[in-house]
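Chemist:
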Ligand code: SF4
Ligand SMILES: [Zn+2]
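Residue numbers (the working numbering): 844 to 1171.
(1) Could you tell me the boundaries of the alpha helix (DSSP H) in which residue 1095 lies?
(2) Could you work out which residue in 1091, 1102 and 1101 is closest to residue 1155 when comparing CA atoms only?
(3) Report the rounded CA-to-CA distance for residue 1009 versus residue 1000, giving the unit in angstroms.
(4) Under 8 Å by Cβ, that's how I've got residue 1039 and residue 1152 pegged, so tell me the actual separation to the nearest angstrom.
(5) What are the boundary residues of the beta strand (DSSP E) that residue 1065 is part of?
(6) Determine the burial state of residue 898: buried for a count of at least 16 other Cβ atoms within 10 Å of its Cβ, exposed for fewer.
(7) Buried or exposed, going by whether 16 or more other CB atoms sit within 10 Å of the CB of residue 866?
(8) Compare the C-alpha of residue 1023 against each of 946, 886, 916 and 968 and name the closest.
(9) Measuring from the CB of residue 1120, is there a heavy atom of ligand 2 at a distance below 7 Å?
(10) DSSP three-state call for residue 846: helix, strand or coil?
(11) Could you work out which residue in 1124, 1117 and 881 is closest to residue 1158 when comparing CA atoms only?
(12) Run through the DSSP bridge pairs and tell me what residue 926 is partnered with.
(13) Please classify residue 1088 as buried or exposed, where buried requires at least 16 other C-beta atoms within 10 Å of its C-beta.
(14) Quick check: the stretch 919-928 against the stretch 864-880, are there 3 or more CB pairs under 8 Å?
(15) Do the CB positions of residue 1100 and residue 1055 come within less than 8 Å of each other?
(16) Comparing alpha-carbon positions, which option in 879, 983 and 916 lies nearest residue 1176?
(17) Relative to ligand 2, is the shortest distance from any of its heavy atoms to the C-beta of residue 988 smaller than 7 Å?
(18) Given the structure, does residue 882 come close to ligand 1, in the sense that its CB is under 7 Å from one of the ligand's heavy atoms?
(19) Taking 7 Å as the limit between beta carbons, can you name the residues of its chain near residue 818, skipping five residues before and five after?
(20) When you measure from the CB of residue 1151 to every non-hydrogen atom of ligand 2, does any distance come out below 7 Å?
(21) Can you tell me whether residue 794 is helix, strand or coil according to DSSP?
(22) Exposed or buried, which one is residue 978 when buried takes at least 16 other CB atoms within 10 Å?
(23) Apart from the five residues just before and just after residue 877, which ones in its own chain have a Cβ nearer than 7 Å to its Cβ?
(24) Less than 8 Å between the CB atoms is what I'm expecting for residue 1027 and residue 1093, so what's the real figure, rounded?
(25) Taking buried to mean at least 16 other C-beta atoms within 10 Å of its own C-beta, is residue 846 buried or exposed?
(26) Determine the direct distance from the alpha carbon of residue 1086 to that of residue 1109, and round the result to whole angstroms.
(27) Mind checking which residues open and close the alpha helix (DSSP H) that includes residue 1082?
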């Protein structure tokens, strides 16, 4: 017997999202699917959220029930934007049966739909069919492919994350998406395993500059230690420290384009953090900045007085790959 629980998405919530110069009401949904076909990234626990292996029809049935729950429990007319995540890639046919893509597109027709996917599943025909159903002429770019590029550095993506695709795969996917009429959102991961704070900051600076040539929107995720991941094992052994919030601020301050950032777990040991005393205001400020794009706010936060700022500067300049992390 299927319990009520499995008929709901893994999570869904309402929020605000900056789009151009507007603030839109956004419905975010995480559908439970067959799970990520790659399933190897060192920091990812989402891949653990998956249905047992089953037939395509049975899987489609469960997904349709989740969508029905969304339609019943939200007034969709309130949301001009919908963000869709799965336990992997929305456009992976092994994870999400193609007829479910049609149902989602029909349910969210007339909205801006942002769907997360790995680059190998960005195919022109699939995307065009999806866009045709979503697009009612209300928006110039009705669909965005959100791709977890993480970094533009292939060596770091391979060795530190085990992501299994290259920067050129991302560029190809971005080009296909644009040709099909979709936009591209790139997620970057700030401070994966095995990088010093300084190396991680340098990697993000380059990645933001390079990825913004191919992506319309950039979102930076400061790394958080999720449960049941390889990253968690290193963190428990004191071999990993999530990034400083000072580093996050400095990256947002210097970025040549607007970079959205929601520091999940901000101020906690598992998330990006400073000393504990200055964290709350900075996390709140970064969240506000993501909505208002006010650089003056970032400048002001960077001027916050706290003793841990010197510690951060020391770590940034002196931490070595063979003796890290210097702090917890
Ligand atoms: S980060 Fe994305 S691609 Fe990597 S294992 Fe998780 S869901 Fe799969
Ligand atoms: Zn502090």
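A virtual CB, placed ideally from N, CA and C, is assigned to each residue, including glycine.
Modeler: To lay it out plainly:
(1) Indexing the chain shown from 1 puts residue 1095 at position 252. Segment 1088-1097, the alpha helix (DSSP H) holding residue 1095.
(2) Sequence index remark: in the chain shown, residue 1155 carries index 312 (1-based). The candidate whose alpha carbon is nearest that of residue 1155 is 1091.
(3) Mapped onto the chain shown, residue 1009 falls at position 166. Mapped onto the chain shown, residue 1000 falls at position 157. Approximately 8 Å between the Cα atoms of the pair.
(4) Within the chain shown, the letter at position 196 stands for residue 1039. Within the chain shown, the letter at position 309 stands for residue 1152. Not really, about 18 Å apart at Cβ, beyond 8 Å.
(5) To locate residue 1065, count along the chain shown from 1; it is residue 222. Where residue 1065 is concerned, the enclosing beta strand (DSSP E) stretches over 1060-1065.
(6) Counting from one through the chain shown, the residue named residue 898 turns up at place 55. Counting the other Cβ atoms within 10 Å of the Cβ of residue 898 gives fewer than 16, which makes it exposed.
(7) The count along the chain shown starts at 1 and reaches residue 866 at position 23. When all chains shown are included, residue 866 counts as exposed.
(8) Here the question's residue 1023 lines up with position 180 in the chain shown. The shortest Cα separation from residue 1023 among 946, 886, 916 and 968 belongs to 968.
(9) As a first step, residue 1120 is located in the chain shown; it is residue number 277 there, counting from the start. Yes, the beta carbon of residue 1120 sits closer than 7 Å to at least one heavy atom of ligand 2.
(10) Translated into the one-based positions of the chain shown, residue 846 becomes position 3. Reliability fails at residue 846, whose pLDDT of 46 lies under 50, so the model's placement of it is uncertain and the value that follows must be treated cautiously. It is coil, neither helix nor strand.
(11) Position 315 of the chain shown, counting from 1, holds the residue named residue 1158. Ranking 1124, 1117 and 881 by Cα distance to residue 1158 puts 1117 first.
(12) Here residue 926 corresponds to residue number 83 of the chain shown, with the count starting at 1. Answer is 871 and 957, bridged to residue 926.
(13) Locating residue 1088 in the chain shown gives position 245, where the first residue counts as 1. Its Cβ being crowded by 16 or more others within 10 Å, residue 1088 is buried.
(14) yes
(15) Mapped onto the chain shown, residue 1100 falls at position 257. Mapped onto the chain shown, residue 1055 falls at position 212. Inclusion of residue 1100 and residue 1055 in the CB contact set at 8 Å is warranted, their separation being smaller than that value.
(16) For residue 1176 there is no data in the structure shown, the boundaries of the chain being 844 and 1171.
(17) Numbered from its first residue, the chain shown carries residue 988 at position 145. Residue 988 Cβ: outside cutoff for every heavy atom of ligand 2.
(18) Here residue 882 is taken as the residue at index 39 of the chain shown, counted from 1. Under cutoff, so the answer is yes.
(19) In the structure displayed, the chain extends from 844 to 1171; residue 818 sits before or after that span and is not available.
(20) What you label residue 1151 is simply residue 308 of the chain shown in a count that begins at 1. Yes.
(21) What is shown of the chain runs 844 to 1171, which leaves residue 794 out entirely.
(22) For this step, residue 978 is matched to residue 135 along the chain shown. That one is buried.
(23) Stepping through the chain shown from its first residue, residue 877 is reached at position 34. If we look at residue 877 and ignore the five residues flanking it on each side, its Cβ neighbours are 893, 894, 902, 937 and 938.
(24) The count along the chain shown starts at 1 and reaches residue 1027 at position 184. The count along the chain shown starts at 1 and reaches residue 1093 at position 250. Rounded, the Cβ-Cβ distance is 26 Å, inconsistent with contact.
(25) Looking up residue 846 in the chain shown gives position 3. Residue placement at residue 846 cannot be trusted, given a pLDDT of 46 that sits under 50; the coordinates are not used to answer.
(26) What you label residue 1109 is simply residue 266 of the chain shown in a count that begins at 1. What you label residue 1086 is simply residue 243 of the chain shown in a count that begins at 1. About 10 Å.
(27) Your numbering for residue 1082 matches position 239 in the chain shown. No alpha helix (DSSP H) contains residue 1082, which DSSP labels as neither H nor E.
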